[in-house]
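According to the UniProt record's numbering, the stretch in the sequence shown is residues 1 to 66, in order.
Even for Gly, the Cβ is constructed at its ideal location relative to N, Cα and C.
Below is one structure, written out as structure tokens; the observations come after it.
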Amino acid sequence: MAKVSVSLDAELVVEVMVLTGVGSPQDAVELVVRDYIERGHRTEARTAARDEALRDVDGRQPDVEG
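Structural data, given as structure tokens:
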């Protein structure tokens with residue numbers, strides 16, 4: 001896998017290290033980025049399921065009264 005080098009503010013990296021409980025700055029930032037991506041995928045899956053359910057409800061024929 002290709003690697004990318006990014007410069008970050010030291011206070012930001014230390015905060016990430018404390019929050020993740022990881023001693024390596026590289027590993028801590030990588031964990032945060034991976035978690036962010038996974039959350040995005042989970043959110044997409046939830047909203048897709050909700051949208052599908054709404055389409056099913058909207059697609060039904062209305063009951064005929066009378």
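Neighbourhood of residue i by C-beta distance below 6 Å, restricted to the same chain and skipping five residues each side
i, result
"residue 20", "28 and 31"
Span of the alpha helix (DSSP H), counted from its first residue to its last, around residue i
i, result
"residue 19", "10 to 20"
Helix, strand or coil at residue i according to DSSP, with G and I counted as helix
i, result
"residue 53", "helix"
"residue 40", "helix"
"residue 4", "coil"
Beta-carbon gap between residue i and residue j smaller than 8 Å
i, j, result
"residue 87", "residue 25", "Beyond the ends of the chain as shown, which are 1 and 66, falls residue 87; an answer cannot be given."
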